[in-house]
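*Asks:*
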Amino acid sequence: MPNILVVEDSPTMRQLIGFAMKRIAGSKVIEATDGVDALKKLSSEKVDIILADINMPVMDGLKLVSLVRGSPIYKDIPVIMITTEGAEEDRKRALAIGANAYLPKPIQTQELIKLVNGFIGK
73 MPNILVVEDS PTMRQLIGFA MKRIAGSKVI EATDGVDALK KLSSEKVDII LADINMPVMD
133 GLKLVSLVRG SPIYKDIPVI MITTEGAEED RKRALAIGAN AYLPKPIQTQ ELIKLVNGFI
193 GK
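Okay, so the sequence shown: first residue is 73 according to the working numbering, each after it adds one.
Written as structure tokens, this is what we have:
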């Protein structure tokens, strides 16, 4: 029963990713609108994997990853960053600060499901 935290400020993208994740058997999708909201959700729910957009207001995905990696409680949670097409710098920075993988937008649903399954060991 994987709990998947989707951190994305765009409601449309959140919905799209949420729908894709519901195709993973037994998964539960927890939604957050930015990094600050994500940290709140992390403190109140058990999360198995985090999917986070890089570009968000309040707290972006990179800051979120560095806080997650710096926390003894959350540091082992896999994080997949969602990046805008062609943002090579963002990708490098995301991986450098501890993201496990990244996926460029527009998101390919099958690709995302495969990636997530790889981390949650299905």
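Where is the CB? At the ideal position from N, CA and C, for every residue including glycine. Since the model is a prediction, treat every value here as computed from it, not as a measurement.
(1) Measuring straight from C-alpha to C-alpha, what distance separates M85 and A110?
(2) Using only alpha-carbon positions, find the residue among K177, I102, N172 that is nearest to S115.
(3) Which word fits G193, buried or exposed, when buried means at least 16 other C-beta atoms lie within 10 angstroms of its C-beta?
(4) Taking 7 Å as the line, does the beta carbon of N75 fall inside it for any heavy atom of the ligand SAH?
(5) Which whole runs of the beta strand (DSSP E) in the region 79 to 167 are 3 residues long or more, in chain order?
(6) Taking the CB atoms as reference points, tell me whether K152 and R95 lie closer together than 8 Å.
(7) Compare the Cα-Cα distances from Q87 to each of I179, A171, L187, N189 and report the closest residue.
(8) Buried or exposed: where does E80 fall if 16 or more other Cβ atoms within 10 Å of its Cβ makes it buried?
(9) Using CA coordinates, which residue listed in V130, K113, T181 is at the minimum distance from I122?
(10) Going by other Cβ atoms of all chains shown within 10 Å of its Cβ, with 16 needed for buried, is P129 buried or exposed?
(11) If A124 and I154 are in contact, beta carbons under 8 Å, what's the gap, nearest whole angstrom?
*Replies:* Looking at the atomic coordinates:
(1) 16 Å
(2) I102
(3) exposed
(4) Because no ligand of any kind appears in the structure shown, any question about the ligand SAH cannot be addressed here.
(5) Counting only runs of 3 or more, we get 100 to 104, 121 to 125, 151 to 155.
(6) Sequence inspection shows Ile at residue 152; the Lys mentioned does not correspond to that position. No, they are not a contact pair.
(7) Checked all of I179, A171, L187, N189; the closest Cα to Q87 is I179.
(8) buried
(9) K113
(10) The residue in question, P129, is exposed, as its Cβ has fewer than 16 Cβ neighbours within 10 Å.
(11) The Cβ separation is near 7 Å, so the contact holds.
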